[in-house]
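Have a look at the structure below, then the notes.
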Amino acid sequence: MSDPLYLSDPMANGQAHKKIKAKRKVQRARADRQYELRSAAAHTQSSVFLACNEIILYHFLEACTLATLIKLSHTSHLFRTLVKTLHCLRLIRIVEQFLGTYNVEAFFIILEQTGSAIGGSTLPCVLAPPIDDVDDWMPSNLNLFIPRGQSRPWHNFLLSLGLHCRSFQPGIVHPYKAVTSPHVEYDSKLEGCPISITESANLCVLSPATAAATTLGMCVATCSNMYIFYPELMFQCRALEAYYQPTVRSCITMDTRGYLCWGGYRDQMRDNGTVGIPFTDVSIKWRLGIRCSNHHCPWFSDNHPWFTADN
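Positions 11 to 321 (my numbering) are the ones given, in order, by the sequence shown.
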């Protein structure tokens, strides 16, 4: 039994209370530490689980057609982000093969500063699904469409990478349009796969795209957006001969235009429409940006600048 005289001693009683408080403080600190460890473990497990799920989703999206990706992007913000990221990764993968991994960021900076676009046979390799496991979607060349007077920055950039000019054509007159487009080819990191630069006769990068031999080549990608002249044919993986190619004037009001905002390198770009013509006048049938012009889409909005009454 405890000594009552000890309990009645104020000094001894105060020391006992201090010991109890110190013990409780240690217990609380230990409990807080255990809670932090359990929370960190749960967060790590959740992050790993989400990362695994995202990898699985990307493998699933890789096998989807463009039409399926468009439909999925209209279901939720997650799928919208995944689809945009998927196209961004595909495009970056192609640029890496031609220019090297460490030059990709500088490439997209030049693309933005000069108002240029990627086009030709490059875009179908980004938008079309893989044919088999061996095919890596690599086009035979990297097509670049640049506005008039913007050839010098590209020439200096490619020379700084040790890529020299292979051939130069002063211009090709199209039989149905008064358009001349100087065409230059440069070496690339891939042997036998040149970088083809076509300079537009005006400030619009759509002019070279309208002179493509087939409808499949009528695609352009700016620093933030992708445009398809014939999305229905792209959905069906079909190409038609384009002997009577559309003019830029007819493209401005074409109802079947497709539009996709891929966000640019590191998703830093926004849909600004800086490609040489006022895209606020363009009719759009589908898009993967923040808003959609489809009335049945939950992301529908008639206030975004790309909406027109034709839709």
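Ideal placement from N, C-alpha and C gives every residue a C-beta, glycine not left out.
Query: Confirm, please, whether the CB-CB distance from serine 206 to asparagine 166 is below 8 Å.; Result: no
Query: Just grab the DSSP bridge partners of methionine 236 for me.; Result: Ala231 and Leu270
Query: Answer yes if the stretch 121-139 comes into contact with the stretch 225-244, meaning at least three C-beta pairs across the two stretches below 8 Å, and no otherwise.; Result: yes
Query: In whole angstroms, give me the CA-to-CA distance for isoleucine 104 and aspartate 42.; Result: 50 Å
Query: Hey, how far is the Cα of arginine 248 from the Cα of glutamate 115?; Result: 32 Å
Query: Does threonine 78 come out as helix, strand or coil in the three-state DSSP assignment?; Result: helix
Query: According to the neighbour-count rule (16 or more other Cβ atoms, all chains shown, within 10 Å of its Cβ), is lysine 28 buried or exposed?; Result: exposed
Query: Can you give me the start and stop residues for the beta strand (DSSP E) that cysteine 193 sits inside?; Result: According to the sequence provided, residue 193 is histidine. The question's cysteine does not apply to it. From DSSP, the beta strand (DSSP E) with histidine 193 extends over 193-196.
Query: Taking DSSP's pairing of strands, which residues face asparagine 153 in a bridge?; Result: Gly129 and Ser206
Query: If we call anything under 8 Å between Cβ atoms a contact, is histidine 97 one with leucine 270?; Result: yes
Query: Could you have a look at leucine 60 and say whether DSSP puts it in helix, strand or coil?; Result: Note that leucine 60 has pLDDT 48, beneath the 50 cutoff, so the model's placement of it is unreliable and no number is given.
Query: Using CA coordinates, which residue listed in Thr124, Leu109, Ala211 and Ala32 is at the minimum distance from threonine 232?; Result: Thr124
Query: If you follow the alpha helix (DSSP H) that histidine 97 is in, where does it begin and where does it stop?; Result: 87-109
Query: Among the residues of its own chain, which have a CB less than 6 Å from the CB of phenylalanine 82, if the five just before and after it don't count?; Result: Note that residue 82 is leucine in the sequence shown here, rather than phenylalanine. Phe89.
Query: Taking the C-alpha atoms as reference points, what is the distance between aspartate 197 and alanine 223?; Result: 23 Å
Query: Quick check on this structure: which residue in His84, Leu71, Ile120 and Gly202 has the alpha carbon closest to the alpha carbon of arginine 176?; Result: Gly202
Query: Could you tell me which residues DSSP pairs with threonine 224 in its beta bridges?; Result: Glu251
Query: Where do the ends of the alpha helix (DSSP H) carrying leucine 168 lie?; Result: 161-170
Query: Check for me: the alpha helix (DSSP H) holding glutamate 115 runs from which residue to which?; Result: 114-124
Query: Return the CA-CA distance between leucine 71 and leucine 79, expressed in angstroms with no decimal places.; Result: 7 Å
Query: Does the separation of the CB atoms of valine 194 and proline 157 fall below 8 Å?; Result: no
Query: Go ahead and pull the three-state DSSP assignment for cysteine 214.; Result: coil
Query: For the alpha helix (DSSP H) containing glutamate 201, name the first residue and the last one.; Result: Per DSSP, glutamate 201 belongs to no alpha helix (DSSP H) and is neither H nor E.
Query: Which same chain residues end up closer than 6 Å to lysine 33 when comparing Cβ atoms and leaving out the 5 residues on each side of it in sequence?; Result: none
Query: Between the C-alpha atoms of serine 86 and tyrosine 240, what's the straight-line distance to the nearest angstrom?; Result: 26 Å
Query: Specify, as a first and last residue, the run of the alpha helix (DSSP H) that leucine 173 falls within.; Result: Counting along the chain, leucine 173 falls outside any alpha helix (DSSP H), and DSSP gives it neither H nor E.
Query: Just mark serine 12 as buried or exposed, buried being the case when its beta carbon has 16 or more other beta carbons within 10 Å.; Result: Its pLDDT being 49, under 50, serine 12 is placed unreliably in this model, and the value from its coordinates should be taken loosely. So serine 12 ends up on the exposed side.
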